[in-house]
Amino acid sequence: MSQTLDDPFAFDLFAQPVAPVEPEVAPPPTEEPPARERHWTDALPKCSRAEVEASRRLGSVPTWLFGAMFRAAAPRLLTILRTPPELFGMTSFGWSEVSAAELGQTTDSHRFCATFGVGQPGATLFLQTDASFAAALVERMLGGNGTPPDGLRQVTSAEAAALEFLLLTLAWDVNALLGEPTLRLTSCARWLSFGHFQSAATSDTPTRYLVGTVSLKFAEAVGFAEFILDAATLEAFRQVGSHLLARPVSDPTLALIRQKHVAELARVQPTFSAALVIGLVEATYGELRTLEIGDFVILETIQSVLQPGGIGSVTVGVPETLMLFGELDDEFRLTIQDIVPTLPMLSSEETSMPTEETATPPAVSLDDLAVTVRIELAARRLRLEEVAQLRTGYVLELGCKPTDPVTLTIDGRPIARGELVDVEGRLGVRITQARS
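Sequence positions in the sequence shown follow my numbering and run 10 to 445.
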């Protein structure tokens with residue numbers, strides 16, 4: 010036995026294999042990222058560019074139009090609700106901008122909601138109020154004092170039918186004011202469903218809404234109402250307002266509202282420049298750079314014929330916002346035949362200037378690049394009230410004559426001034442002032 014154990018070639022069948030012990034290798038040192046320097050903007054709320062763009066699309070609110078619409082519907086509304094004018098009250102709490110997610114989080118089910126289509130497809134106005142106030146209005150319609158229910162409850166089917174009749178009547182009066190079936194009642198609900206806003210909240214494109222809140226008092230019935238609009242609805246109301254302002258007004262109340270609206274706008278832009286476009290000429294940068302006093306420019310395209318019965322083209326605003334086309338008379342007045350908005354298109358992309366490392370020589374000489382030069386005869390400045398009255402058939406006093414100085418412009422920027430001359434039967438300009 011001892012010989013077997015001492016045998017160097019003997020081995021144990023039941024022994025466990027022993028793995029060789031390797032020396033431990035230290036892990037490579039990890040480099041910690043440098044600590045970012047804190048900036049004062051880190052504590053500010055974060056917004057995406059898409060949210061900013063969605064907010065910009067909301068733009069201005071035509072509150073004057075909403076006031077005109079309410080005044081048109083108020084007499085019948087007070088009659089149906091049996092409320093004398095001295096017992097009616099309304100207070101506006103302004104407008105607040107919210108996201109679709111914020112609207113979708115509302116959990117109060119004791120509401121009455123109605124939706125209206127506004128003009129173009131896709132434009133929807135949401136109206137909501139609490140169910141107690143809605144029930145109180147129905148009680149006044151039926152001869153009561155407008156006492157709200159004792160406890161919280163939803164609007165009944167009968168009350169919803171009465172409210173639908175009331176809203177249809179209001180829409181009828183508003184459309185009579187606007188002159189077209191713009192406001193259409195599309196649905197009434199005894200509860201407020203926020204599925205529309207919840208789906209908008211999960212969309213890849215952020216959607217913002219404006220919420221207008223008013224307090225209403227019909228004798229003993231007091232409550233709140235909210236109006237919810239998106240960008241498409243606001244744009245539809247702006248178009249309605251533009252059509253209303255362009256229409257002759259016989260209603261003195263509406264005329265006063267429009268006058269107040271124009272007065273508010275006049276605080277921002279009281280007057281607009283106007284110019285009679287004489288004609289166009291093509292020129293290169295090299296030719297314009299060497300333009301001097303005494304030089305002559307021959308017009309290639311005539312856009313206004315300065316004689317009785319001649320055509321006339323007038324630009325309004327800087328930058329140009331309107332182009333008026335019509336006929337000139339012997340007193341140099343323009344009878345407007347067509348109005349074309351010419352708002353400049355702003356590019357959303359920015360192009361960086363090339364650096365010395367990336368700049369390459371131009372493929373053509375810049376002096377050989379051609380541009381269109383417009384020759385304008387400055388007219389008098391137009392008040393905002395006059396701009397609001399511009400329409401087909403309107404006679405516009407220009408307040409200028411052919412012997413007045415003219416201006417050579419490129420994209421609305423003046424480059425030289427001169428006087429109109431007759432060059433052997435062709436219309437030209439003699440330069441009297443050039444840019445140094």
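Don't be surprised by glycine CBs; every beta carbon is placed ideally from N, CA and C.
query: Neighbourhood of residue 247 by C-beta, 7 Å cutoff - its chain only, sequence neighbours within 5 removed; result: 71
query: Any beta strand (DSSP E) of 3 or more consecutive residues that is wholly inside the stretch 89–132; result: 97–108, 120–127
query: Cβ-based neighbour list, residue 428, same chain, cut-off 8 Å, excluding 5 preceding and 5 following; result: 412, 414, 415, 438, 439, 441
query: Extent of the continuous alpha helix (DSSP H) run through residue 64; result: 58–67
query: DSSP state of residue 226 mapped onto helix, strand, coil; result: strand
query: Spatial distance of residue 183 from residue 191 (CA atoms); result: 8 Å
query: Start and end residues, beta strand (DSSP E) containing residue 346; result: 342–350
query: Counted within 10 angstroms of its Cβ, other Cβ atoms place residue 447 as buried (16 or more) or exposed; result: What the structure shows of the chain is the stretch from 10 to 445, and residue 447 is not part of that stretch, so it cannot be assessed.
query: Whole-angstrom distance between residue 169 and residue 155, CA atom to CA atom; result: 16 Å
query: Residue 278 beta carbon less than 8 Å from that of residue 393; result: yes
query: Chain C contact for residue 326 (CB, 8 Å cutoff); result: Among the chains of the structure shown, chain C does not appear; only one protein chain is present.
query: The stretch 285–292 in contact with the stretch 375–383 per 3-pair CB rule at 8 Å; result: yes
query: Presumed contact (8 Å Cβ cut-off) between residue 132 and residue 242, rounded CB distance; result: 4 Å
query: Contact the stretch 122–130 vs the stretch 87–96: 3+ CB pairs below 8 Å; result: no
query: Inter-residue CB distance, residue 106 and residue 64 (contact presumed, cutoff 8 Å); result: 6 Å
query: Separation of residue 238 from residue 422, as counted between CA atoms; result: 39 Å
query: Environment of residue 305 [buried if 16+ CB atoms lie within 10 Å]; result: exposed
query: Among 298, 79, 343, 245, nearest to residue 285 - alpha-carbon criterion; result: 343
query: Neighbourhood of residue 389 by C-beta, 6 Å cutoff - its chain only, sequence neighbours within 5 removed; result: 408
query: Cβ neighbour criterion (16 or more within 10 Å) applied to residue 129; result: exposed
query: Residue 442: first and last residue of the uninterrupted beta strand (DSSP E) it sits in; result: 435–443
query: Distance between residue 400 and residue 162 (C-alpha atoms, nearest Å); result: 53 Å
query: Residue 388 - DSSP class collapsed to helix/strand/coil; result: coil
query: N- and C-terminal bounds of the alpha helix (DSSP H) containing residue 166; result: 166–187
query: Residue 137, DSSP secondary structure in three states; result: strand
query: Sequence-distant residues of the same chain with beta carbon closer than 6 Å to residue 326, five excluded per side; result: 281
query: Own chain residues within Cβ distance below 7 Å of residue 144, not counting five before or after; result: 157, 158, 164, 168
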